[in-house]
Structure formats: C-alpha cells, structure tokens
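Everything below concerns the one structure shown next.
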Amino acid sequence: MKIDDKPLRYFLAVFEAGSIRTAAENLRIAPSAISRQIAALEAHLETLLMERTKRGIIFTESGHMVAAHARRRFEMDEAFSVDLAAARGAIAGTVRIATGEGFVVDLVNHVVRPLRDEFPDIRLEIDVAGTEKITHGILRDDYDMGLVFNPPRNPDLELLAEDHAPLCALVPPGFDLAKKETCTLSDTLNYPAALLNPHFGVAKLLANVDHGNRLARDAFLTADSINVAVHFVLSGGGITFLPAFAVSRQLRRGEVVAIPMTDPFLARVPSHLLVRKGRPKTAAVRAVTGMIRDRMEAFGSAWYPEEHA
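One gets the working numbering by counting positions in the sequence shown from 1 and adding 317 to each.
Given below as structure tokens:
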C-alpha cells in the first residue's frame with residue numbers, strides 16, 4: 318500500500334507531541350491542515366488512528382502501528398541519504414545527542430573540536446537533560462544517542478560504550494578532607510555540602526548510601542545545576558559529589574581535589590552511551606560514536622590539544 322510522506326509526517330508529529338495543536342506549533346502550520354491530512358490518511362487506510370476525548374487524544378492500536386511504520390520509514394530514508402553521501406566520499410548528517418550535565422565539559426572538550434576538524438559535514442544537536450528524559454527521548458527517537466551516568470536498565474536500549482569510575486567527593490584544596498586518598502560518605506558529613514536534585518543520577522546513588530538521610534537533611538545547598546554545585550566548591554564554600562571527569566579542567570588546574578569514594582554503590586559507577594535497540598546507525602552516528610568511545614574521559618580516554626591543556 319502506497320502512503321504519501323506528508324500525512325505520515327503530520328500523523329507522526331501528532332503522535333510524538335500528543336496533541337494536534339502542539340504538533341502544529343512544532344511544524345509551524347495550521348492545526349486544520351494537520352487534521353485534514355490525518356483524516357485523509359484514515360480514509361486511505363480505512364481505519365481510525367486516534368480518538369479525541371475530553372482528556373486529549375487517545376491513539377488506537379492502528380495508530381501505534383502507523384506511527385512505528387512512519388518512524389522506520391523516515392529512519393531508513395535518512396540513513397540512505399546519509400550513507401549515499403558517505404559513498405560519494407563525505408560523512409555528513411545531523412547527530413542528536415542527549416547528555417547529562419556532568420558529561421558536557423568532557424563531551425565538548427574531547428569530542429566536539431576533533432569532530433569538527435575530522436568530519437566537517439557532520440552537524441551536532443546537543444540537549445542537556447536528566448536521566449529519565451534522556452532515556453525516554455532515546456526510546457521515542459528524539460535523539461540518536463544519549464550519555465547517562467548510572468542509568469536504569471532497559472531491554473530496549475543498546476549499550477554502545479561503557480566505563481566505570483568512582484563517585485568522588487569534590488573538595489576545596491584547603492579542606493582537611495583534601496588530604497585523604499579515598500573517603501566514605503561518613504567522612505564527608507561534617508562539611509557543608511551542595512547536593513543535586515533527585516532527578517540527577519548522582520542524587521539517587523547517594524540516597525542508596527545515606528541511610529540515616531543525614532546528608533540530604535543537613536545539606537547547605539540543593540541545586541538543579543552541576544555548575545552551581547561546582548562553583549560552590551570553587552568558592553571554598555564546601556563540598557559536592559560528582560565523577561572526576563565532570564571537573565577535569567578544574568582538577569588539572571589544582572582548583573579542586575577529587576577524592577574517590579569507597580562505599581558500596583559509589584566505588585564503581587557506570588557511564589553509558591546508549592541508543593535505541595534496532596535503530597539504524599548512519600555513518601555520521603558511527604563516526605560520533607567512535608569519537609566518544611575513543612576520546613572521552615568518561616570512557617577511559619581523553620584528548621587534550623595543547624591549547625586546551
């Protein structure tokens with residue numbers, strides 16, 4: 318059965334947005350245009366794809382099937398066009414990456430610059446988000462890949478790269494705690510601390526160890542930004558908890574001290590590069606994956622051009 322691209326794209330936009338109005342805003346067209354295209358698609362397929370209720374749109378079983386077909390079709394078209402460009406000698410295309418905030422410095426310093434130099438026809442879109450949004454976005458194909466610290470296991474996600482590192486107590490150099498080679502959570506409890514909000518993987522890790530809830534209860538500062546927590550340490554205000562790769566530049570400059578933590582759950586924490594299982598991998602996605610695996614500190618490597626050292 319032949320189905321034109323336009324009604325499929327419009328229906329998929331509604332399916333992913335959850336409403337015709339939001340889809341219309343995203344596509345910058347009138348809602349009535351989308352409604353007409355979907356009505357024509359339903360007539361062509363001779364089946365109802367969605368129902369409008371007081372609580373919003375409910376998609377039928379046929380609607381879910383059509384959305385899955387549309388995703389596969391557009392993925393294959395995108396992969397074909399990009400691989401065709403690669404066959405002509407250019408690796409090109411846009412790669413959408415979702416990343417936890419703790420990976421940003423590592424990703425930008427160690428991947429973005431060499432990627433620009435080696436693959437000038439690749440374009441990146443980078444979104445910074447929490448673990449839940451990243452994993453859901455990968456499964457919805459909002460992103461080609463995601464960088465996640467301590468993610469939940471999901472059989473629909475494929476692991477492209479993995480490494481393990483301890484969570485660290487990040488401490489101003491002048492603190493007594495900075496003299497220790499390793500520490501436990503109990504060693505940190507008498508210092509003012511900046512904690513991250515619960516949607517961060519780090520917060521979930523600490524909650525597994527903070528059995529008396531003392532750390533969370535006594536925290537001087539709670540933030541929804543790693544940047545805020547790090548600057549709290551840089552100011553000499555107290556400590557925070559992050560993997561060392563999140564502050565690699567400050568560590569090399571001697572501005573902070575990272576003390577590996579030895580508690581269970583904290584001594585060996587995974588960093589994952591994830592994609593949706595079964596999603597086609599374009600030449601551009603494969604190139605970016607290789608750069609991340611080979612150059613990011615979070616995965617056991619680091620690339621330091623002289624001017625960034």
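Built from N, CA and C at the ideal position, the CB exists for glycine as well.
By the beta-carbon neighbour count (other beta carbons within 10 angstroms, threshold 16), Ser588 is buried. DSSP, read as helix, strand or coil, puts Ser349 in helix.
Taking a contact to require three or more Cβ pairs closer than 8 Å, the stretch 422-436 and the stretch 466-480 do not qualify as touching.
Rounded to the nearest whole angstrom, the C-alpha separation of Glu368 and Asp458 is 24 Å. One alpha carbon belongs to Cys500, the other to Tyr508, and they sit about 13 Å apart. The beta carbons of Val564 and Ile439 sit about 28 Å from each other, so the pair does not count as a contact at 8 Å. A direct Cα-to-Cα measurement between Gln354 and Asp541 gives close to 41 Å. In the same chain as Pro348, and ignoring 5 residues on each side of it, the C-beta atoms closer than 7 Å to its own belong to Ile337, Arg338, Ala341, in chain order.
Per DSSP, the continuous beta strand (DSSP E) segment holding His481 begins and ends at 474-482.
With respect to the C-alpha of Ala510, the residue from Lys450, Phe549, Ala446, Ile576 having the closest C-alpha is Phe549.
Under DSSP, the beta-bridge partners assigned to Met462 are Ile414.
Counting along the chain, no alpha helix (DSSP H) covers Arg440; the unbroken beta strand (DSSP E) around it starts and ends at 439-445. In the DSSP assignment, Arg369 forms a beta bridge with Ile374. It is roughly 25 Å from the alpha-carbon of Leu494 to the alpha-carbon of Glu614. With a 10 Å radius around the Cβ and a threshold of 16 neighbouring Cβ atoms, Ala478 comes out buried. In the structure shown, Ser588 falls within a strand segment according to DSSP collapsed to helix, strand and coil.
Under the 8 Å Cβ criterion, the stretch 590-602 counts as touching the stretch 452-469, having at least three qualifying pairs. In the DSSP assignment, Phe420 falls outside any beta strand (DSSP E), carrying neither H nor E. Put simply, the backbone Cα of Arg531 is about 46 Å away from that of His381. Here DSSP, grouped into helix, strand and coil, assigns Thr606 to helix. The beta-carbon distance between Asp423 and Gly617, rounded to whole angstroms, is 11 Å. This is too long to meet the 8 Å contact definition.
Contact between Phe558 and Leu484 holds, with the beta-carbon distance rounding to 6 Å and staying under 8 Å.
Nearest to Arg610 by C-alpha distance, out of Met462, Asp504, Val445, is Met462.
Residues of the same chain with a CB within less than 6 Å of the CB of Phe562, apart from the 5 flanking positions on each side, are Asp423, Glu614, Ala615 in chain order.
Distance between Gly571 and Gly595, taken at the CA atoms: about 44 Å. Counted as a single uninterrupted DSSP element, the beta strand (DSSP E) harbouring Thr557 occupies residues 557-560. Assignment of Met613 by DSSP, reduced to helix, strand and coil, places it in the coil class. According to the DSSP assignment, Ile576 belongs to the beta strand (DSSP E) that extends over 574-577. Rounded to the nearest angstrom, the gap between the Cα atoms of Asp321 and Pro577 is 56 Å. Leu362 and Leu513 have their C-alpha atoms roughly 49 Å apart.
In this chain, Thr501 is not harboured by any beta strand (DSSP E), its DSSP state being neither H nor E.
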